[in-house]
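K.L.:
Chains as they are written, first to last, in this note's numbering: chain E, 12 to 126; chain P, 130 to 242.
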Amino acid sequence: GAGVSQTPSNKVTEKGKYVELRCDPISGHTALYWYRQSLGQGPEFLIYFQGTGAADDSGLPNDRFFAVRPEGSVSTLKIQRTERGDSAVYLCASSQSGSLGETQYFGPGTRLLVL
Amino acid sequence: AQTVTQSQPEMSVQEAETVTLSCTYDTSENNYYLFWYKQPPSRQMILVIRQEAYKQQNATENRFSVNFQKAAKSFSLKISDSQLGDTAMYFCAFKDSGYALNFGKGTSLLVTP
Chain E
12 GAGVSQTPSN KVTEKGKYVE LRCDPISGHT ALYWYRQSLG QGPEFLIYFQ GTGAADDSGL
72 PNDRFFAVRP EGSVSTLKIQ RTERGDSAVY LCASSQSGSL GETQYFGPGT RLLVL
Chain P
130 AQTVTQSQPE MSVQEAETVT LSCTYDTSEN NYYLFWYKQP PSRQMILVIR QEAYKQQNAT
190 ENRFSVNFQK AAKSFSLKIS DSQLGDTAMY FCAFKDSGYA LNFGKGTSLL VTP
């Protein structure tokens, strides 16, 4: 595709439920990033994939959050037992190879609301 | 810890005028990159301009330019001939040897007719 795409655009769920957020990066980009943007804040790093492997998951807030990228392209961010504090916009970005200084291209995000 | 500070939560400028958005950052590394991203209401983060820390020359992209002061750890964005379509949140970000972009809290820019 021409850019990074994310689905769904919006997701409303109830506290305690499980959600999956999908990211489709720019074709050929081996580096993929997930960020979380809370209201009134800048994006905060969650996890970085290089190919199929999570090279850095230091930003995941706790073990309820998990992400996969099984074939090195599409990635899914999974949140178990959602809490109201998980409400935020989840942004995905990709870059060519992950090297220093590369531009990260962002998708439109998924707005998650936990009731 | 690396931090990015944007001291202006909101700014307003009239169409065709010039506005400068401020950003300061803190890092102990010598090699890093700085970015300004624009986020309109559509939520899509769009790269406006980038600067490599080892380059002394300030980056320019059409109406957008930066004033990079490495010793002061300052990276301001100047928008010339402001247009209504420039209305958006603007985020300053930097990236060093880590994988993540480190973002400030953003400045909300309103361009008025």
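No residue lacks a Cβ here, since even glycine has one placed at the ideal position from N, Cα and C. As the structure is a computational prediction, the values presented were derived from the model and not from experiment.
With E139/P as the anchor, note down where its beta strand (DSSP E) starts and where it stops.
P.N.:
Locating residue 139/P in the second sequence gives position 10, counting from the first residue. Taken as a continuous stretch (DSSP letters only), the beta strand (DSSP E) holding E139/P covers E139 to Q143.
K.L.:
Below 8 Å on the Cβ atoms is my guess for P242/P versus E139/P; work out the distance and round it to an integer in Å.
P.N.:
Translated into positions along the second sequence, residue 242/P becomes position 113. Translated into positions along the second sequence, residue 139/P becomes position 10. In fact, because the Cβ distance is near 18 Å, the residues do not count as touching under 8 Å.
K.L.:
Going along chain P in order, which residues have a C-beta closer than 8 Å to the C-beta of Y59/E?
P.N.:
Residue 59/E sits at position 48 when you count from the first residue of the first sequence. Going along chain P in sequence order, the residues near Y59/E (Cβ under 8 Å) are Y228 and A229.
K.L.:
Could I get the ranges of all uninterrupted beta strand (DSSP E) runs contained in the segment 66–107 of chain E, with 3 residues as the minimum, in chain order?
P.N.:
Counting whole runs of 3 or more residues, the segment 66–107 of chain E contains the beta strand (DSSP E) stretches 76–79, 86–90 and 99–106.
K.L.:
Looking at chain E, which residues of the segment 180–196 of chain P have a Cβ within less than 8 Å of any of its Cβ atoms?
P.N.:
Within the segment 180–196 of chain P, the residues whose Cβ lies closer than 8 Å to some Cβ of chain E are E181, listed in chain order.
K.L.:
With distances taken between CB atoms, is the gap from Y166/P to A182/P smaller than 8 Å?
P.N.:
On the second sequence, position 37 is the one that residue 166/P refers to. On the second sequence, position 53 is the one that residue 182/P refers to. No; because the gap between Cβ atoms is not below 8 Å, this pair is not in contact.
K.L.:
When burial is assigned at 16 or more other CB atoms within 10 Å of the CB, is A200/P buried or exposed?
P.N.:
Position 71 of the second sequence, counting from 1, holds the residue named residue 200/P. Counting Cβ neighbours within 10 Å, A200/P comes out exposed, since fewer than 16 surround it.
K.L.:
Is it buried or exposed for L57/E, if we count other Cβ within 10 angstroms and need 16 for buried?
P.N.:
Start at 1 with the first residue of the first sequence, and residue 57/E comes out as number 46. It counts as buried.
K.L.:
Just verifying my parser: in three-state terms, what is the DSSP assignment at G64/E?
P.N.:
Residue mapping note: residue 64/E aligns to position 53 of the first sequence, counting from 1. It is a strand residue.
K.L.:
Verify the CB distance criterion: does V100/E have a CB-CB separation below 8 Å to chain P?
P.N.:
If you number the first sequence from 1, residue 100/E lands on position 89. Yes, V100/E lies at the interface with chain P (some Cβ there is under 8 Å from its Cβ).
K.L.:
In chain P, what lies closer than 7 Å to Q115/E by C-beta?
P.N.:
Taking the first residue of the first sequence as position 1, residue 115/E is located at position 104. Simply L230.
K.L.:
Please return the same chain residues whose Cβ sits closer than 6 Å to the Cβ of E113/E, not counting the five positions on each side in sequence.
P.N.:
For the purposes of this step, residue 113/E is taken as the residue at position 102 of the first sequence. Hits under 6 Å: S106 and Q107.
K.L.:
Which residue or residues does DSSP assign as beta-bridge partners of D155/P?
P.N.:
Indexing the second sequence from 1 puts residue 155/P at position 26. In DSSP, D155/P forms a bridge with T132/P.
K.L.:
Considering only residues of the same chain and omitting the five flanking positions on each side of Q91/E, which have a CB-CB separation below 6 Å?
P.N.:
Numbered from 1 along the first sequence, position 80 holds the residue referred to as residue 91/E. Correct list, in chain order: Y29 and R75.
K.L.:
Thinking C-alpha only, which one of R122/E, I37/E, S16/E and D97/E is nearest P127/E?
P.N.:
Within the shown structure, residues of chain E are numbered from 12 to 126, placing residue 127/E beyond reach of any answer.
K.L.:
Helix, strand or coil: which one does DSSP assign to D225/P?
P.N.:
Position 96 of the second sequence, counted from the start, is the residue given in the question as residue 225/P. Of the three classes helix, strand and coil, the one that applies to D225/P here is coil, per DSSP.
K.L.:
Taking the alpha carbon of K26/E as the point to measure from, which residue in S86/E, E94/E and G39/E has its own alpha carbon closest?
P.N.:
Position 15 of the first sequence, counted from the start, is the residue given in the question as residue 26/E. Closest option to K26/E, Cα to Cα, is E94/E.
K.L.:
Chain P beta carbons: is any one of them nearer than 8 Å to that of D67/E?
P.N.:
For this step, residue 67/E is matched to residue 56 along the first sequence. Taking Cβ atoms only, chain P reaches closer than 8 Å to D67/E, which makes this a yes.
K.L.:
Could you pull the DSSP bridge partners for K202/P from this structure?
P.N.:
Taking the second sequence and counting its residues from 1, one reaches residue 202/P at position 73. Its beta-bridge partners do not exist; DSSP assigns none.
K.L.:
So what's D35/E in DSSP terms, helix, strand or just coil?
P.N.:
By 1-based counting over the first sequence, the position of residue 35/E is 24. Reduced to three states, the DSSP call for D35/E is strand.
K.L.:
Run through chain E and tell me which residues come within less than 9 Å of G235/P, C-beta to C-beta.
P.N.:
As a first step, residue 235/P is located in the second sequence; it is residue number 106 there, counting from the start. Simply G51, Q52 and G53.
K.L.:
Between the segment 202–220 of chain P and chain E, which residues of the former have CB atoms less than 8 Å from a CB of the latter, in chain order?
P.N.:
Of all residues in the segment 202–220 of chain P, F220 have a Cβ within less than 8 Å of some Cβ in chain E.
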